[in-house]
């Protein structure tokens, strides 16, 4: 019951409104691990300003964040910590896997690195690059915003 | 299970690892300083630990009684990876190690391999390597300043310093196409020459930068809040610092005037005049002053180095090491064979070992390369300065507040990629 | 990762032939006790402990037995003329793939530096495979603490009298010592058409 049912015009407007609100205020959690974190920090600075897309505040606590940008290589020692941080984030939450190491293990195909963070958390957008240009990360956030537009708000409570 | 612990003072060890179960009355412990220890985890995910560093702090109120760093959350197995790649390919891995000063890592590795191969680089390559290193040092110190100030609370500096760093990254992009992981300094010289107009643009940056540095100075150095937060904490004496193996600006803040560029000069540093700034108290404020002055000295070196850059090739002419120019591949069979052998198999240094070190923003960055005569390094040990600098942290932090701990971690300027490798 | 040599199509005979011609360079020199203060110091105070010495590319290396390593390094640190007060690096090399039958498997490498003379020295202690223990030099330089923990973690060499010997880089419950030569590289197999995963 409730607004998850398709009430036609009403649900569509509410859906649009909710999606509009969600896409324009995506607050990332700081999960910078390695070199990609530097480019993530560069994307928040004055040249490639990420805040103009709504990511004004990078929250340190995952409980106040919507988006986890996994920026950097995830070692096997860090993997349980990453899963725990992901679990601590409240819904709705999205994951961007930034860089080659987070997407697929990158340059490091060895005993120590998790071959892709999608082995432990579901990923919405993959950003290739080593490290990706800040422009690429901004493009990824834009694509994520388009993805959020297509969602039904009842899927993610 | 109900147990009562009575009489005497409870030892902190009991409270350390085991949570006290329900039903336990912990009675009559003396309210001495040692009895109310709270163990707090400053976890691998934290905005102020400059990476994935985990600190287990034993707190008495807000005062730290003991701090134990736990590292390894970024362990990448770089050394094992390099044992499976040819010498040329292993260069790519070195960029990702101390990811704030990539070209310095490349240079240290290249110097070690060139020592093994016993090959000289051309004068132009030497000079360009020096210029790139100094630009990298400024970029690294700018990140240090930005993140350190951000931790203390001065957020404006974060945005200002990255503005300058973006200009240096523009120079790197103009040269190689990549902002950060260029891998441009390779054994034998440079991967390619700098384009036309690069030196002019670098000179323009060097002309404009001192003004920006004065701006940061005006904002921070005599600022009463900055001085209040930074002086008197994180002290380490010179003898302790040397015994703990600290190097770089953290060591120079304690009064030891040791810089690899002056002590064991490499890539042409002995041709230029510059000073080594040295602190006196060994606290966080001195390290801050040392690094600001180092940026000024880097500008001084760059001003001298950008004049009269020698012309000529940037790669050594030894064809067993240097790939031939692309145009020759169409005409000469021998060039084609050299190119093929170099990129599939690689060159074979003689059996032996070599150690070479450079001064990075953090300290003495060294590479110890062991060769067994094949085209793949047998063992590469990366001597990261941040590991030894961080080891001294528990000593520096005892008896201070958590906010001071954050300032001290910022001042020793660690990079977790350097520590965990 | 595919082996280079298999890709090039080289037979084992080709490989050994190529390696032999690159093996011993002519510029290995032995150190002599008359010229080198470090070697003389160790020979005078600890006779019988020096196994080998070499000067290669301007770098001095001295191989010693592992029994009196703490005393040897203390003397190198305290002597006024050598004054190696800075431990630059402490690491280990696993000689499994290159050692002759008479050589032992592990070498602990101490890269020493002197802040007063700006000179470097490399001291190597030899550790056999069946008894991988050696004394800890933490009392000589506190910097050795974490460096020895790393060697313990990645090579499995136990340091006697170490204050806190446990794993540092790998997770605490990891089995095996990754940087040994018989430990596999790990990672994922790259998917080609012959080994597509059916999932």
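Chains as they are written, first to last, in my numbering: chain A, 999 to 1155; chain B, 57 to 477; chain C, 4 to 202.
All C-beta atoms, glycine included, are put in the ideal place defined by N, C-alpha and C.
Everything numeric in this text was worked out from a predicted model, so none of it was measured.
{"Asked": "Measure the alpha-carbon distance for residue 150 (chain B) versus residue 108 (chain C) and round it to whole angstroms.", "Found": "27 Å"}
{"Asked": "Taking C-alpha atoms, which residue in B:227, B:215, B:116, B:430 lies nearest to residue 250 (chain B)?", "Found": "B:227"}
{"Asked": "With 16 other CB atoms within 10 Å as the buried threshold, where does residue 474 (chain B) fall?", "Found": "buried"}
{"Asked": "Exposed or buried, what is residue 72 (chain C) when buried is set at 16 or more other beta-carbons lying within 10 Å of its beta-carbon?", "Found": "buried"}
{"Asked": "Any beta carbon from chain B within less than 8 Å of residue 86 (chain C)'s own beta carbon?", "Found": "no"}
{"Asked": "Excluding the 5 residues preceding and the 5 following residue 150 (chain C) in the sequence, name in chain order all residues of the same chain whose CB lies nearer than 6 Å to its CB.", "Found": "93"}
{"Asked": "Can at least three beta-carbon pairs, one atom from the stretch 428 to 441 of chain B and one from the stretch 345 to 363 of chain B, be found at a separation below 8 Å?", "Found": "no"}
{"Asked": "Look up residue 442 (chain B) in the DSSP assignment and say whether it is helix, strand or coil.", "Found": "helix"}
{"Asked": "DSSP on residue 102 (chain B), reduced to helix/strand/coil?", "Found": "coil"}
{"Asked": "Around the Cβ of residue 185 (chain C), are there at least 16 other Cβ atoms within 10 angstroms (buried) or fewer (exposed)?", "Found": "exposed"}
{"Asked": "Whole angstroms are fine: how far does the CA of residue 70 (chain C) sit from the CA of residue 53 (chain C)?", "Found": "11 Å"}
{"Asked": "State the Cα-Cα distance for the pair residue 122 (chain B) and residue 116 (chain B), rounded to the nearest angstrom.", "Found": "10 Å"}
{"Asked": "Could you tell me if residue 106 (chain C) is buried or exposed, where buried requires 16 or more neighbouring beta carbons within 10 angstroms of its beta carbon?", "Found": "exposed"}
{"Asked": "Is the distance from the Cβ of residue 188 (chain B) to the Cβ of residue 225 (chain B) below 8 Å?", "Found": "no"}
{"Asked": "Residue 1049 (chain A) and residue 1025 (chain A) look like a contact to me (Cβ under 8 Å); what is the Cβ gap, rounded to whole Å?", "Found": "That pair is no contact at about 10 Å."}
{"Asked": "If we call anything under 8 Å between Cβ atoms a contact, is residue 1146 (chain A) one with residue 1051 (chain A)?", "Found": "no"}
{"Asked": "Does the Cβ-Cβ distance between residue 248 (chain B) and residue 377 (chain B) come in under 8 Å?", "Found": "no"}
{"Asked": "Using only alpha-carbon positions, find the residue among B:180, B:233, B:458, B:99 that is nearest to residue 364 (chain B).", "Found": "B:180"}
{"Asked": "Could you tell me if residue 1150 (chain A) is buried or exposed, where buried requires 16 or more neighbouring beta carbons within 10 angstroms of its beta carbon?", "Found": "exposed"}
{"Asked": "Going along chain A, which residues have a C-beta under 7 Å from residue 131 (chain B)?", "Found": "1073, 1075, 1110"}
{"Asked": "Using the DSSP secondary-structure output, state which residues sit across from residue 415 (chain B) in a beta bridge.", "Found": "B:420"}
{"Asked": "Taking just the CA atoms, how far does residue 1016 (chain A) sit from residue 1152 (chain A)?", "Found": "10 Å"}
{"Asked": "Looking only at C-alpha atoms, which of B:130, B:261, B:131 sits nearest to residue 191 (chain B)?", "Found": "B:261"}
{"Asked": "If we cut at 8 Å on Cβ distances, does residue 1070 (chain A) have a partner in chain C?", "Found": "no"}
{"Asked": "Which residues in chain A have a C-beta closer than 8 Å to the C-beta of residue 191 (chain C)? List them in chain order.", "Found": "1103, 1107, 1113"}
{"Asked": "For my contact list, residue 301 (chain B) and residue 162 (chain C) are in at a C-beta cut-off of 8 Å; report their separation, rounded to the angstrom.", "Found": "Contact doesn't hold; Cβ gap of about 16 Å is too wide."}
{"Asked": "For residue 344 (chain B) versus residue 286 (chain B), is the C-beta spacing smaller than 8 Å?", "Found": "yes"}
{"Asked": "For the stretch 295 to 349 of chain B, list the alpha helix (DSSP H) runs that are entirely contained and at least 4 residues long, ordered along the chain.", "Found": "305 to 308, 316 to 319"}
{"Asked": "The alpha helix (DSSP H) spanning residue 204 (chain B) covers which residue range?", "Found": "179 to 208"}
{"Asked": "Can you confirm whether the stretch 76 to 91 of chain C touches the stretch 116 to 124 of chain C when touching is taken to mean that 3 or more C-beta pairs between the two stretches lie within less than 8 Å?", "Found": "yes"}
{"Asked": "Around the C-beta of residue 444 (chain B), are 16 or more other C-beta atoms found within 10 angstroms, so that it is buried, or is it exposed?", "Found": "buried"}
{"Asked": "Buried or exposed for residue 97 (chain B), going by 16 or more other Cβ atoms inside 10 Å?", "Found": "exposed"}
{"Asked": "Given that residue 171 (chain B) touches chain A, what residues does it touch there, using C-beta distances under 9 Å?", "Found": "Under the 9 Å cutoff, chain A gives no residues; its nearest Cβ is about 25 Å from residue 171 (chain B)."}
{"Asked": "Suppose the cutoff is 8 Å on Cβ atoms and the five residues either side in sequence are ignored; what does the same chain contact list for residue 131 (chain C) look like?", "Found": "107, 108, 109"}
{"Asked": "CB residue 114 (chain C) to CB residue 78 (chain C), shorter than 8 Å?", "Found": "no"}
{"Asked": "Since residue 120 (chain B) contacts residue 455 (chain B) with CB under 8 Å, what's their CB separation in whole angstroms?", "Found": "7 Å"}
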